[in-house]
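Residue numbers 7 to 429, in our numbering, belong to the letters of the sequence shown in order.
Glycine included, every Cβ here is placed at the ideal spot set by N, Cα and C.
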Amino acid sequence: MTVETTEKKATQGSGVGNPLRILMDHEIRADPYPLLGKLREAGPTAVEDGSVVLFGEYDHCSRILRHRDLGSDTFAAPLIKDFVADNEDRAASSIFFMDPPGHGRQRKLVSKSFTPRIVKSFRPQITRIVDGLFEEFRGKGELDVVPDLAYPVSIGIIGDLFGIPDDERDMLKGWSDDLALSTELPSLGAALGVLNVFTRDEISRFGSVAMASHAYFADLIHRRRKNPGQDLVSSLLATESDGERLTRYEVTSVLATLFVAAHESTTNLISSGILALLRNQDQLTALRENPDVITNAVDETLRYDPPVHLAVRMARAETTIGGYDLKPGNIVVVLMAAGNRDPRAYADPDVFDVNRKITNVSLAFGAGAHFCIGSGLAKLEAEIAISAFAERLKNPEADESSLRYRRHTVVRGLDHLKVSFLP
Ligand code: HEM
Numbered sequence: 007m008t009v010e011t012t013e014k015k016a017t018q019g020s021g022v023g024n025p026l027r028i029l030m031d032h033e034i035r036a037d038p039y040p041l042l043g044k045l046r047e048a049g050p051t052a053v054e055d056g057s058v059v060l061f062g063e064y065d066h067c068s069r070i071l072r073h074r075d076l077g078s079d080t081f082a083a084p085l086i087k088d089f090v091a092d093n094e095d096r097a098a099s100s101i102f103f104m105d106p107p108g109h110g111r112q113r114k115l116v117s118k119s120f121t122p123r124i125v126k127s128f129r130p131q132i133t134r135i136v137d138g139l140f141e142e143f144r145g146k147g148e149l150d151v152v153p154d155l156a157y158p159v160s161i162g163i164i165g166d167l168f169g170i171p172d173d174e175r176d177m178l179k180g181w182s183d184d185l186a187l188s189t190e191l192p193s194l195g196a197a198l199g200v201l202n203v204f205t206r207d208e209i210s211r212f213g214s215v216a217m218a219s220h221a222y223f224a225d226l227i228h229r230r231r232k233n234p235g236q237d238l239v240s241s242l243l244a245t246e247s248d249g250e251r252l253t254r255y256e257v258t259s260v261l262a263t264l265f266v267a268a269h270e271s272t273t274n275l276i277s278s279g280i281l282a283l284l285r286n287q288d289q290l291t292a293l294r295e296n297p298d299v300i301t302n303a304v305d306e307t308l309r310y311d312p313p314v315h316l317a318v319r320m321a322r323a324e325t326t327i328g329g330y331d332l333k334p335g336n337i338v339v340v341l342m343a344a345g346n347r348d349p350r351a352y353a354d355p356d357v358f359d360v361n362r363k364i365t366n367v368s369l370a371f372g373a374g375a376h377f378c379i380g381s382g383l384a385k386l387e388a389e390i391a392i393s394a395f396a397e398r399l400k401n402p403e404a405d406e407s408s409l410r411y412r413r414h415t416v417v418r419g420l421d422h423l424k425v426s427f428l429p
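Take a look at the structure:
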């Protein structure tokens, strides 16, 4: 890795206004990169009463994500701890918010279902879904990339992965947005030092959706116990490591977590890759002329416009990052989307270049102990969907006025992107 770093001394506990609130603004969500750039160049910045520190440099982000004393259990942050009554259960229920030793145990068991060989075996299924969708676009002259392409590919693969019968898949669609938004609560709440990140209505919706989805996944597990198949649920139930198995409760929460982790972010990757190609038509031409570039083009999308913009950690011990002295209990916000455009790590970072020689792996899938378990699957889905888009649609053009971003701040992505093409 060849990254220069700045060791700027931040104004510790300066208590400046929290710029993360601005990131949640709908107008900013369309292009948060100028603000993210400013935050990165400001160096480590303490906000709120100094208990929350923002980091945006590539090297700092990478070090934080790999740091053993910076934990993921943001449910333990004072504000969240007091708010979430069943804190213990909630923290124990999602691998995202777990720390050792529980984290390592669950991760080992879940990872067994995502080996490169298993991921590769999904190619025919993804291709079948994508082929079916492009068959429907034939002769139409326009499509909305998110609901017509990115979403069905992502939900179709989750459905296949979990072995969910076709007639039960629409239900998942309805839950997806709320489930994804609700997982932002412990991170955003801790980072903003407030609980009213969401409206009362939203919070009560999260509760009902969480209950309905958990009940559904518990029932699915029950069915697979009776009739095991080739799906992930059956393999999670059977997976054993060092004599350990996931309990039925753990499998339920793993399914809920995987559903959220896998679906929204992959939808975002496919749509942001297509948007970047449409806005940089020379890059679309480069991809058409050399289809093998697709792997690099997907990596470049993950760097340039990543589906997950930030992660949150909590300091468990005194530690210094980028010249900033963190105290136990400090909340650390890792702005991966800022680090991915750090000029110390990438030449011309604001340029989208499908042929870029990526020397520093982007922060898009995180790093260290919590590195994304589904990165291989997400990349394969994006490669197949974006290749088909580049190869099969003639003269595609984005309707910029149709662009809408979802409400999410952590997992940021498009809701609508209309494209016209020659039928
Ligand atoms: C483009 C798509 C995706 C992106 C950008 C993405 C990004 C991430 C990131 C940044 C993390 C680390 C979070 C942190 O450090 O706090 C993560 C973790 C995780 N991802 Fe993904 N993800 C994607 C797709 C998927 C898919 C398809 C799956 C599963 C099928 C998946 C499963 C997971 C799991 C289980 C974790 C938690 C790992 C742990 O805590 O040890 N992700 N992902």
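Test item: CB-CB of residue i and residue j under 8 Å
i: Leu420; j: Ser278; result: yes
i: Leu308; j: Ala321; result: no
i: His422; j: Ala186; result: no
i: Ile327; j: Ile70; result: yes
i: Ala384; j: Leu275; result: yes
i: Val318; j: Ala404; result: no
Closer than 7 Å: residue i CB and nearest ligand 1 heavy atom
i: Val314; result: yes
i: His422; result: no
i: Phe371; result: yes
i: His376; result: yes
i: Leu281; result: no
i: Thr258; result: no
i: Ala221; result: no
i: Ala267; result: yes
i: Arg113; result: yes
i: Ala82; result: no
i: Leu226; result: no
i: Phe168; result: no
i: His66; result: no
Alpha-carbon spacing of residue i relative to residue j, whole angstroms
i: Val416; j: Arg134; result: 31 Å
i: Arg72; j: Ala375; result: 7 Å
i: Arg254; j: Ala391; result: 34 Å
i: Thr272; j: Gly380; result: 10 Å
i: Gly235; j: His220; result: 21 Å
i: Asp65; j: Val159; result: 34 Å
i: Leu293; j: Lys146; result: 24 Å
i: Ser240; j: Phe102; result: 22 Å
i: Arg350; j: Arg362; result: 15 Å
i: Ser127; j: Arg230; result: 21 Å
i: Asp288; j: Asp154; result: 25 Å
i: Ala323; j: Ser259; result: 29 Å
i: Gly43; j: Gly169; result: 42 Å
Local Cβ density within 10 Å of residue i, reported as buried at 16 or more and exposed below that
i: Thr189; result: buried
i: Thr325; result: buried
i: Gly180; result: exposed
i: Met217; result: exposed
i: Pro106; result: exposed
i: Ile28; result: exposed
i: Gly335; result: exposed
i: Asn346; result: buried
- Task: Indicate whether the contact test is met: 3 or more Cβ pairs, each with one atom in the segment 76-85 and one in the segment 219-233, closer than 8 Å.
- Result: Here the segment 76-85 makes no contact with the segment 219-233; the two share fewer than three CB pairs at distances below 8 Å.
- Spell out a yes or no on whether the segment 393-406 and the segment 118-130 are touching, meaning 3 or more CB-CB pairs, one atom from each, closer than 8 Å. The segment 393-406, when compared against the segment 118-130, does not touch it at the 8 Å Cβ threshold.
- Message: Count Cβ pairs between the segment 235-247 and the segment 279-287 that sit closer than 8 Å; are there 3 or more?
- Response: In short, these stretches do not touch, since the Cβ pair count stays below three.
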